[in-house]
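Scroll down for the structure; my scribbles are underneath it.
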Amino acid sequence: FLGLQTMILSDLPHLAMLLLAFLYFEKIRAYQENKILSWLFAGFLVALAFYFRQIAIIIFFAGIFTILIDKKIRNKKVISSYSLGFLSFALIWYIRNLILAGSLEPSYAHKLFSAKPSNPFAGNLTFVGLLERIISRIELAGAHIAKDILLGPEKTFSLLWGLVLVILLIGWLYELFKRKQISAVYFFPYLFVVCSWEGLVPRYLLPLLPLAIFFFYRGLCLLSRIFFKNELVPLISTIPILIWLIFNLFRSISFVQFQHTPIFYPPENLPSEKTAVELLGKKNFAYFWDAYEWQKKGEEYALAKCARYYHFFAMAEWVKQNLGPEAVIVCRKPRMFAWLSQGKAIQLPAELTPEKFLEEVRKRGGHYLLIEEISPELRPLLLSFQKQFPEQFILKAKFSNTYLFKISAQ
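The sequence shown begins at 12 in the working numbering and counts up by one.
Below, the structure is given as structure tokens:
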């Protein structure tokens, strides 16, 4: 599904815990163990995967569904033990977020139907709108793969890609209906949820990579048995996967070389960046997840994209150095900003009028409003609030188009 790029290294702990959870779950299923401790530990492994990426909650529900359809282990004791093992440790994550950010962020279920989760003012999608978004994201994923592996003419690629999907689907259906594997139950719900988000982030598809390879291999094995003797089946099924790995190995080498060619922002000759430079020094953006694509579009484009994030980081550092730990920042990405600034942050309230916006911010205990350069859609709306009530928003810090306003007490 994805090129083996080093940009996904940050998600490898989640992938490792996910695969370990699958392996252990299937092992105790195979032995038909109904011991409480075994299923408590299975839930705990899922909770560890959840700690690295909350989307792992889909694994938890996939496990519940798998237990329910498996007549050999289906009972209340198994479900209760598995649920307790997961929930008791997953709650630690929510408590940690509550302490760190001062409030809980909207859940994935809430974000699912948000027109733009990064913009709380954008409203909600209809069910038809959600399906349209999922279909368009899956098409985008296909285009991403086409660009990555460069197999030749578009028609040739489309035929080959269609064949790969058919083989993968055969393997997935076999694992789902014949063997009732938890990974098969998990596969498509995860794909649909990730593709329902506002923007497709390729690294979020990482958990599907080993599963897609496994289902493709299983499908090839099933089809190979029709044409070849049993001893040749594993060899025939392995060759296409080895070819794919070689393609991606060359791309990975190219990406590693790029990461050792630093992109620094800002240039030293910009006096307007003096304060930001003093706070952060020169920040290397070559390790940023999208920097590889930024650089392809030209140096000016890469510099502009780096600037948006640089000012966000500089503002977090300014807050860390100049405001007390009790200051609560209202912003678009509260968890990230709270982590960077080592303070507290809460989500922007979805109010379209400045009066209601201020009322809700004060009700939640917000002290400062962060208007980010990263979010060009939200900036005009939030700046219009400030222009209508300048006495309520007092400018405390500014880096280019990133602003921090103090909200008056009344």
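Cβ atoms here follow ideal geometry from the backbone N, Cα and C, with glycine treated the same way.
Quick caveat, the model's predicted, so the values are computed rather than measured.
I believe Lys82 touches Asn45 by the beta-carbon criterion, under 8 Å. Please report the beta-carbon distance rounded to the nearest angstrom.
Between Asn45 and Lys82 the Cβ distance is about 13 Å, and since that is not below 8 Å, they are no contact.
What residues are listed by DSSP as bridge partners for Cys342?
BP columns for Cys342 point to Gln358.
List the DSSP bridge partners of Lys409.
Tyr414.
Let me check one thing: in DSSP terms, what residues is Asn135 bridge-paired to?
Its beta-bridge partners are Ser125.
Can you tell me whether Pro273 is helix, strand or coil according to DSSP?
In this structure, Pro273 counts as coil in the three-state DSSP scheme.
Could you name the residues of the same chain whose beta carbon sits closer than 6 Å to that of Ser147, not counting the 5 residues immediately before and after it, in chain order?
Contacts found: none.
If you draw a straight line from the C-alpha of Ser125 to the C-alpha of Ala223, how long is it?
C-alpha separation (whole angstroms): 28 Å.
Near Pro164, what residues of its chain come up, given a Cβ to Cβ distance below 7 Å and the 5 sequence neighbours on each side ignored?
Residue confidence is low: Pro164 scores 45 on pLDDT, short of 50, so the model does not pin down where it sits. No coordinate-derived value is stated.
Kindly indicate which three-state DSSP category Phe225 falls into: helix, strand or coil?
In this structure, Phe225 counts as helix in the three-state DSSP scheme.
Quick check on the burial criterion: 16 or more other C-beta atoms within 10 angstroms. Buried or exposed for Tyr42?
Tyr42 should be labelled exposed.
Classify Val330 as buried or exposed, calling it buried when 16 or more other Cβ atoms lie within 10 Å of its own Cβ.
Burial call: buried.
Do you know how far the Cα of Ile193 is from the Cα of Leu30?
Looking at the two C-alpha atoms, the distance is approximately 11 Å.
Less than 8 Å separating the beta-carbons of Ala32 and Val57?
Yes; because the gap between Cβ atoms is below 8 Å, this pair is in contact.
Can you list, in chain order, the residues of its chain whose CB lies under 6 Å from that of Tyr5, leaving out five sequence neighbours each side?
Past the edges of the chain, shown from 12 to 421, lies residue 5, and the structure says nothing about it.
Any idea if Val339 is buried or exposed, counting beta-carbon neighbours within 10 angstroms, 16 or more meaning buried?
Val339 comes out buried.
Following the continuous beta strand (DSSP E) through Tyr201, name the residue where it begins and the one where it ends.
Run containing Tyr201: none in the beta strand (DSSP E); it sits in the alpha helix (DSSP H), 193–206.
Can you name, in chain order, every residue of its own chain whose Cβ lies under 7 Å from the Cβ of Leu334, other than the five neighbours on each side?
Only Gly354 meet the Cβ criterion.
What is the C-beta distance between Phe410 and Leu380, in whole angstroms, given that I count them as a contact (C-beta under 8 Å)?
Between Leu380 and Phe410 the Cβ distance is about 15 Å, and since that is not below 8 Å, they are no contact.
Is the beta carbon of Tyr93 sitting closer than 8 Å to the one on Gly54?
It is a contact, given that the beta carbons lie within the stated cut-off.
Using 8 Å as the threshold, is the stretch 371–389 in touch with the stretch 307–325, meaning 3 or more CB pairs across them?
With a cut-off of 8 Å, the stretch 307–325 and the stretch 371–389 count as touching, because enough Cβ pairs lie within range.
Going residue by residue through the stretch 308–339, where are the continuous beta strand (DSSP E) segments of at least 3 residues, counting only ones entirely within it?
Entirely contained in the stretch 308–339, not one beta strand (DSSP E) run reaches 3 residues.
By the 10 Å Cβ neighbour count, where 16 or more other Cβ atoms means buried, how is Glu284 classified, buried or exposed?
When all chains shown are included, Glu284 counts as buried.
Tell me whether Asn295 sits in a helix, a strand or coil according to DSSP, three-state version.
Strand, per DSSP.
Would you mind reading off the limits of the beta strand (DSSP E) that contains Leu381?
From DSSP, the beta strand (DSSP E) with Leu381 extends over 379–382.
With a threshold of 16 other CB atoms inside 10 Å of the CB of Leu415, please say whether the residue is buried or exposed.
By the 10 Å Cβ count, Leu415 comes out buried.
Identify, in the order they occur along the chain, each residue of the same chain with its Cβ nearer than 8 Å to the Cβ of Glu328, setting aside the five sequence neighbours on each side.
Excluding positions up to five away in sequence, the list reads Leu290, Leu291, Leu351, Ser352.
Roughly how many angstroms separate the alpha carbons of Lys38 and Trp183, rounded to a whole number?
Cα to Cα, Lys38 sits roughly 19 Å from Trp183.
Out of curiosity, what's the CA-to-CA distance linking Leu253 and Ile418?
Cα to Cα, the separation comes out at about 59 Å.
Please classify Ala420 as buried or exposed, where buried requires at least 16 other C-beta atoms within 10 Å of its C-beta.
Exposed, since its Cβ has fewer than 16 Cβ neighbours within 10 Å.
Closer than 7 Å by C-beta to Tyr312: which residues in its own chain qualify, once you throw out the five before and the five after it? Chain order, please.
Cβ within range, chain order: Trp305.
So, is Pro245 buried or exposed, given that buried needs 16 or more other C-beta atoms within 10 angstroms?
That one is exposed.
Alpha carbon to alpha carbon, how far is Phe61 from Leu51? Give it in angstroms, no decimals.
Going from the Cα of Leu51 to the Cα of Phe61 covers about 15 Å.
For a quick check, are the C-beta atoms of Phe138 and Phe97 less than 8 Å apart?
No, the Cβ-Cβ distance between Phe138 and Phe97 is not below 8 Å.
Note down the Cα distance separating Trp208 from Asp301, rounded to an integer number of angstroms.
Each residue's alpha carbon lies about 17 Å from the other.
Excluding the 5 residues preceding and the 5 following Lys191 in the sequence, name in chain order all residues of the same chain whose CB lies nearer than 8 Å to its CB.
Thr77, Ile80, Asp81.
Phe400 by DSSP, collapsed to three states: which one?
Phe400 falls in the coil class under three-state DSSP.
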